[in-house]
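Chemist: My structure is below; once you've seen it, I'll send some questions.
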Amino acid sequence: MNEPQEIQFNIYHPVITYEHRAAYDLIVSQLQGVFPICNQGKCKALEVTDDPQKQKQINDLMEKVEFFSDSLINITKVFFDQLYRAKETSAQSISQSMAKIKIDMIERNLLERTCDVRWWALEKAFWQCITLSNAATSRKGAKGADASALSSAVEMACTRLEDIRNCYTLYRDLVIVNAQGVVVASSNADRRSQVLGRDVSGEAWFQRAMKTQDGTEYVVQDVSPSCLEDSESLIYATAIRAEGDEHGQAIGAMGVLFDFQGECQIILNDYLPSDASGETLDGWFSFFTNDKDQVICSSDQHFIPFGDFPGLPKSHRSLLKAGESIVSTAIFAGNRSLLVSHKSAGFNEYTGLNWTSHLVLPVSAMFERSLGRNDYGLTPKELMNSRLIPESNRQTYQEIQRNKGDIQLISINGIVLATDLGKSGKSFMPIFDQITETGSSTTGKMELLLSEMSADMLQQNLKALENLSKQAIELIDRNLFERAADVRWWSTDHVFWESLGAQGGRSFDEVNRRLGIINASYTMYRDLVIADANGRIVANSRFENRERLDGMTVSDHGWFRQGMQLTRSIQYGVQDVCKSDLEAVDTSLVYCAAILENGQRVGKPVGVLGILFDWKQQALPILEECLPRMKGSVVLGGAAFYVNRDKVVIASTDEANFPVGQAVALPPENTKLREGQSASGVFSANGRKYIIGSSGSHGYREYKGLGWTAHVVRTID
Amino acid sequence: MLYSTFSLGRIQLAVPIHTVLEIVRATHFHPVRGAPELIDGLINLRGKVVAVINTGLAMGAARVEVSDESRIYIFKNSKELQEVSDEPVDPDTSPDNLGLHVDAIGPVIDVDKDELQPVPANMAHPFYQHVVRRNDDFIIILKPAKAVALA
């Protein structure tokens, strides 16, 4: 037997189902019925033979039967405990990863926001507008030509802010504020009349932004009220500096209002089970709290409103370490619930806002029978001996098998003995028949329960892999959305259209320099290139590639051809992962946008901006994060990979088994996925059996996805 | 009469229970130098040394491997069989106890004399004695004395 441990789920525990309690009663009463049978056998031994050796043999057999029945009764007691513990452990582990997924998702999003604001604040239209506004304020108002210059600068700044918001749709508003804290331009035309002229000098984000040292610094104001909006705002801000110089004096500030509530609602409601009408099931909640333990967003505003201190146990409120997590059970919203809390670990250099993600589900949900399909071609024995089943359950299974074998052996040897006793031995036969019957019926029942459990475990694991694959595709979709936003915004830079325009005249040195500045603040691009309307590379961001790229003809490149078809600044194109002349070694994923004549929003392309996304460097960490884990470590034989439209692997954590550049033979239902659809299953590859969860890309906001699928697998043998 | 059934791969076989002395788990065999390959080795059964035949190899099927389910039939020697039999003992019966290593044992079945059918000619085998029909399956009754005589 395994190490004796305290029984956590005894048979009277409220979560034990009626069927299981009935099975327990039946098994125990049948086994207890064996003892009187054995006793009867011992008495009979004296009646049927005078041979003391034969009497001893019979008594020995009876004692052995008693021993094994007793041992089976003991196994039965821990058996149900183990069944429920296994379900509990697996459900907890899945819930923990769900809480983590949610906070990771928002953290990655917030990291992108920090890049954005720093870069935008350098825009010429903004510092020019602020400079004029500050001058007018110091003269106590602008008159005549000054007034008209200021008014057209404000108009220009508003237009540029609008352009940003059109590309990066996850902002509710973007504002620029002069040195006195007065809002001078805003992106949201619908609310502009209310916002312009507002005084934000008393708000922390403005005060802190004005104190930043240089263009690399930014500030963030955690979710709180602001005079700019009716709902609570999450504001990223930085200083606008004189002449757009990174080290210049702070002359004003830029504040960007992230659509935090909208974004969180998507993330919080994701992965929560829902009924047929799409409503989240009762007792399931997901919410974020800030460093003061106040709710900042929740999946259910009624039970867990903004600003509330939810009734969480103290241990869930005192998570200190980044990435720390805790699981416990308590009464929550009237239900006995499993509570999972996961503290933000930040992401890369971004340390996060010390938020905590919480997931609440009814305890009973952990022990529900899963009703999914179960025709994966795995035998119960194969499943029971697989890695999906915890070691303790596998040991119990083997022990039951062994006891079953022992009881059968004793019975047959008893029958042999009774046969040898001739006629007098006949009265023994029913006793051994009874023992055989009880032995196989009780162990058969236990095997049935174990196979029921292993089927549940399979379902749970398939669901977990599906969730992980969904996370993998969502993270890449969100990442690529940002790329699509970046390329659209950058392509509107005045330096680019001015140098490519009809008048031209400007040297491309400045374009190279400008591209270099952009690439320095965004680490995920290997290079940024600009081709003129004839398809000739005229500028790029990386000095080390310049000699190789300068003058290269790209008129037959997919990205260039797509880019030249675009006529609106809000459009973009993308060339799927492939080999390209632009790269010396690696495969590229190139996003492109047209550079439009005179910087118009709709117009004729005068060139194309291509941005070479560092695909592998970005995709691998995401895939690694989505690997199946148990107690914090990746499970043996776990792997994750992305597959493109042509079923070819484009990134993989396990190049030995799922190499990049090769097609992988997956079950058709795992590759023929509609947008946003998930599937799971079992397949064989490389001589091993795997379970798999897969999800199809459904894009994110304006980014429509490239028909990729994400797959997370683990071996079961 | 009672028969103990066992399986060899997908074939069901049976031996008369009165010829069995005991059935034990297959654990460790002591190797015998120079013995034919079909002998798994010797086992010690309460002081008796018993040679064990690998039934799979003896019947030209796959070797029976030691597993949680594999078992050894120990057959009575001619003297022990004489003590419990009312009828004359098969002259082929070995004067020594011998063992048969099988994949797994099945239930004990009671077979009436009139259920015993002759082995069809196309299935004939020196070890086969009768065929019994159970549900949709056939169970072959072995002549254990014959098999054991091989050793």
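Chains C and G supply the protein sequences, listed in that same order.
Per our numbering, the very first residue in the first sequence carries number 532; after that it's consecutive.
Per our numbering, the very first residue in the second sequence carries number 60; after that it's consecutive.
Note that CB positions come from ideal geometry on N, CA and C, so glycine has one too.
Predicted, not measured: the structure shown is a model, and the values here were computed from it.
Closer than 7 Å by C-beta to C/Trp651: which residues in its own chain qualify, once you throw out the five before and the five after it? Chain order, please.
Modeler: Ile695, Met785
Chemist: In chain order, what residues of the same chain lie with their CB nearer than 8 Å to the CB of C/Gly1047, ignoring the 5 residues before and after it?
Modeler: Ser1072, Arg1073, Phe1074
Chemist: Output the distance between the C-alpha atoms of C/Leu980 and C/Thr607, rounded to the nearest integer angstrom.
Modeler: Straight-line Cα distance between these residues: approximately 11 Å.
Chemist: Under three-state DSSP, which class holds C/His1229?
Modeler: Coil.
Chemist: Considering only C-alpha positions, which residue in the set C/Arg1045, C/Asp1040, C/Trp1239, C/Phe1039 is nearest to C/Asp1024?
Modeler: C/Arg1045
Chemist: Going by beta carbon distance, what residues of the same chain come within less than 7 Å of C/Ala1194, once the five residues before and after it are set aside?
Modeler: Excluding sequence neighbours, C/Ala1194 sits near Lys1178, Val1179.
Chemist: Could you pull the start and end residues of the alpha helix (DSSP H) that C/Leu705 belongs to?
Modeler: Careful: C/Leu705 lies outside any alpha helix (DSSP H), inside the beta strand (DSSP E) at 702-709.
Chemist: Is the separation between the beta-carbon of C/Ile931 and that of C/Ser985 shorter than 8 Å?
Modeler: no
Chemist: For C/Leu1031, I'd like the list of residues in its chain whose CB is within less than 7 Å of its CB, leaving aside the five on either flank, ordered along the chain.
Modeler: Correct list, in chain order: Asp1063, Ile1126, Val1137, Gly1138.
Chemist: Compute the beta-carbon to beta-carbon distance between C/Phe1172 and C/His1242, rounded to the nearest angstrom, for a pair I have assumed lies under 8 Å.
Modeler: 6 Å
Chemist: Answer with buried or exposed for G/Ile200, where buried requires no fewer than 16 other C-beta atoms within 10 angstroms of its C-beta.
Modeler: Buried.
Chemist: Could you say which of C/Trp736, C/Thr747, C/Lys742 lies nearest to C/Val754 if we only look at CA atoms?
Modeler: C/Trp736
Chemist: Just to confirm, does C/Ile782 get its C-beta within under 7 Å of one of the non-hydrogen atoms of the ligand GDP?
Modeler: Of ligands this structure carries none, so the ligand GDP is not represented either.
Chemist: Out of C/Thr887, C/Glu1233, C/Arg1245, C/Tyr1231, state which residue places its alpha-carbon closest to the alpha-carbon of C/Ala1216.
Modeler: Minimum Cα distance to C/Ala1216 is reached at C/Arg1245.
Chemist: Looking at C-alpha atoms only, which residue of C/Ser972, C/Ala716, C/Val858 is the closest neighbour of C/Leu759?
Modeler: C/Ala716
Chemist: Ignoring anything shorter than 4 residues or poking outside the segment 1054-1088 of chain C, list the alpha helix (DSSP H) runs there in chain order.
Modeler: At a cut-off of 4 residues, the continuous stretches assigned as alpha helix (DSSP H) that sit fully inside the segment 1054-1088 of chain C are 1074-1080.
Chemist: Taking only beta-carbon positions, decide if G/Ser66 is within less than 8 Å of chain C.
Modeler: no
Chemist: Under the three-state reduction of DSSP, which class applies to C/Leu1120: helix, strand or coil?
Modeler: strand
Chemist: Using a Cβ-Cβ cut-off of 7 Å (strictly less than) and excluding sequence neighbours within five positions of G/Lys202, which residues of its own chain qualify?
Modeler: Phe186, Gln188
Chemist: Closer than 7 Å, Cβ to Cβ, to anything on chain G: give me those residues from the segment 1160-1176 of chain C, in chain order.
Modeler: none
Chemist: Quick check on G/Arg84 - is its C-beta less than 8 Å from some C-beta in chain C?
Modeler: yes
Chemist: Write down every uninterrupted run of the alpha helix (DSSP H) in the segment 601-683 of chain C whose length is 4 residues or greater and which is fully enclosed by it, in chain order.
Modeler: 655-669
Chemist: Using DSSP bridges, identify the partner residues of C/Arg1045.
Modeler: Answer is none; C/Arg1045 lacks a bridge partner.
Chemist: Verify the CB distance criterion: does G/Ser63 have a CB-CB separation below 8 Å to chain C?
Modeler: Chain C, which has a Cβ nearer than 8 Å to the Cβ of G/Ser63, makes this yes.
Chemist: For C/Gln796 and C/Ser664, what's the separation of their Cα atoms in angstroms?
Modeler: 38 Å
Chemist: Would you check if the distance between the CB atom of C/Ser1211 and the CB atom of C/Leu993 is smaller than 8 Å?
Modeler: Yes. Within cutoff.
Chemist: Can you tell me whether DSSP reads G/Ala85 as helix, strand or coil?
Modeler: coil
Chemist: Would you decide whether C/Phe959 is buried or exposed? Buried here means 16 or more other CB atoms lie within 10 Å of its CB.
Modeler: Answer is buried; the Cβ neighbour count reaches 16.
Chemist: So C/Gly775 and C/Leu653 are in contact, right, with Cβ under 8 Å, and what is the actual spacing, rounded?
Modeler: 5 Å
Chemist: Is C/Gly1224 near C/Ser1000, with beta carbons less than 8 Å apart?
Modeler: yes
Chemist: Assuming G/Val74 contacts G/Tyr132 (C-beta within less than 8 Å), just tell me the rounded distance between them.
Modeler: 7 Å
Chemist: Kindly provide the ranges of any alpha helix (DSSP H) runs that are 4 or more residues long and lie completely inside the segment 71-148 of chain G, ordered along the chain.
Modeler: 114-117, 137-143
Chemist: Drop a sphere of 10 angstroms on the beta-carbon of C/Gln613, count the other beta-carbons inside from all chains shown, and report buried for 16 or more, exposed for fewer.
Modeler: buried
Chemist: Which of helix, strand or coil does DSSP assign to C/Asp753?
Modeler: strand
Chemist: Considering only the beta carbon of each residue, do G/Val125 and G/Ser137 sit closer than 8 Å?
Modeler: In this structure, the beta-carbon distance from G/Val125 to G/Ser137 does not fall below 8 Å.
Chemist: Please compile the residues from chain C whose C-beta is within a distance smaller than 9 Å of the C-beta of G/His87.
Modeler: Under the 9 Å cutoff, chain C gives no residues; its nearest Cβ is about 17 Å from G/His87.
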